[in-house]
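Student: Take a look at the following structure, please.
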Amino acid sequence: MRAGAYGPDPAGQRVALAFSTSQAVRHDGRAGGYRNEVLSLRLHAAVGSCAVEPGALGPAALDDCVGATVAELLGHPLLPVRIAALDAYLMHTRPHTPEHGAHAVTLPSGSSLERSRARARAVVDLLPETGADRVLVVGVVNSLLERLRERGTGYVPCDLKGGRTEWGEAVRTDSLAELEHCDAVLASGMTLGNGTFQPLLDHAAATGKPLVMFAQTGSAVLPRLLGAGITAVSAEPYPFFWLDGGPGVIHRYGGPDARPGVTHRDGGPR
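Right under this line is the structure:
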């Protein structure tokens with residue numbers, strides 16, 4: 613990117629707006645809830661995002677970003693700032709359009725749980741229909757696990773927070789220890805922002821196992837790695853599905869939407 617492979621010099625691209633979004637949710641009928649916090653940067657008409665642990669992002673980070681160039685933010689000491697800047701730049705130069713390999717999937721309006729389940733169907737169905745009998749899920753979302761259960765697919769839930777799933781299953785905390793025992797990986801884009809993504813990518817590239825990413829964090833970053841270890845991406849840029857109850861859209865790359873022989877402009881398989 614710094615060399616100009618993806619568009620204009622990032623040293624000439626200045627971030628106009630930085631903001632954080634905090635959310636707490638407990639879906640009706642679910643036993644537990646969770647919290648989200650996301651850093652977002654505005655570059656022209658594009659917004660790039662990176663999730664962080666709640667409370668981990670101090671107000672100084674927002675001040676650091678406003679008015680800074682993308683090139684400057686790519687050298688920021690905080691990894692989430694670097695990821696958000698990278699995402700904003702690629703959202704600007706590689707938006708989620710059919711020209712860049714994206715296939716839009718509409719999410720219906722409804723309650724938070726209804727929309728979560730609709731997104732889960734779109735995400736999980738990017739996994740191969742056969743050969744993925746045991747899936748490592750990195751970043752536990754109960755609606756995704758519910759969809760896997762509906763498909764009759766086994767899974768290993770893994771999250772740095774640990775705990776238990778909606779069905780009382782223990783959540784593992786070491787994804788690397790589970791990789792050899794699973795046929796495919798379904799991972800959150802949050803792995804980009806917490807430094808745990810690269811080993812997943814390396815394992816998938818070395819073994820050929822399917823690696824499907826569901827991404828609010830780095831939604832424009834991860835599609836650039838299709839064919840380099842990633843097999844499919846569900847890209848969900850800001851605003852995210854949980855922000856309101858109206859209809860929305862996510863963008864799928866690879867999976868059942870892929871057409872053989874069609875490649876990205878960047879050279880990776882679609």
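Position 121 of the sequence shown, counted from 1, bears residue number 733 in the numbering used here, the numbering being contiguous throughout.
Here a beta-carbon is modelled for each residue, glycine too, at the ideal position from N, C-alpha and C.
Give me the Cα-Cα distance between V874 and D675, rounded to the nearest whole angstrom.
Tutor: The predicted model places V874 with a pLDDT of 40, which falls under 50 and marks its position as unreliable, so this point remains unresolved.
Student: Applying the criterion that 16 or more other CB atoms from any shown protein chain within 10 Å of the CB defines a buried residue, is Q625 buried or exposed?
Tutor: buried
Student: Pairs of beta-carbons, one from the stretch 731-747 and one from the stretch 829-837, closer than 8 Å: are there three or more?
Tutor: No: fewer than three Cβ pairs fall under 8 Å.
Student: Alpha carbons only, please: which of G687, R614, V693 is nearest the one belonging to N806?
Tutor: V693
Student: Could you check where the beta strand (DSSP E) with C662 kicks off and where it finishes?
Tutor: 658-664
Student: Just the Cα atoms here: how many angstroms apart are L756 and L686?
Tutor: As the crow flies, the alpha-carbon of L756 is around 32 Å from that of L686.
Student: Counting contacts by CB-CB distance shorter than 8 Å, is G807 in contact with chain B?
Tutor: The structure shown has no chain B; it contains just one protein chain.
Student: Ignore the nearest five residues each way along the sequence and tell me which others in V650's own chain have a CB closer than 6 Å to its CB.
Tutor: T633, S661, A663
Student: Less than 7 Å between C-beta atoms, sequence neighbours within five positions excluded: which residues of the same chain meet that for R776?
Tutor: A782, V783
Student: Going by alpha carbons, who is nearest to L855 out of R727, T681, V659?
Tutor: When each option's Cα is compared against that of L855, the closest is R727.
Student: So L739 and A799 are supposed to be a Cβ contact under 8 Å. How far apart are they, rounded?
Tutor: Incorrect: roughly 12 Å between the Cβ atoms, too far for contact.
Student: Once DSSP output is grouped into helix, strand and coil, what is the label at P769?
Tutor: Here DSSP, grouped into helix, strand and coil, assigns P769 to strand.
Student: Can you give the Cα-Cα distance for A847 and L669, rounded to whole angstroms?
Tutor: 23 Å
Student: Run through the DSSP bridge pairs and tell me what I862 is partnered with.
Tutor: V717
Student: Give me the residue from Q635, M703, V637 with the minimum Cα distance to L655.
Tutor: M703
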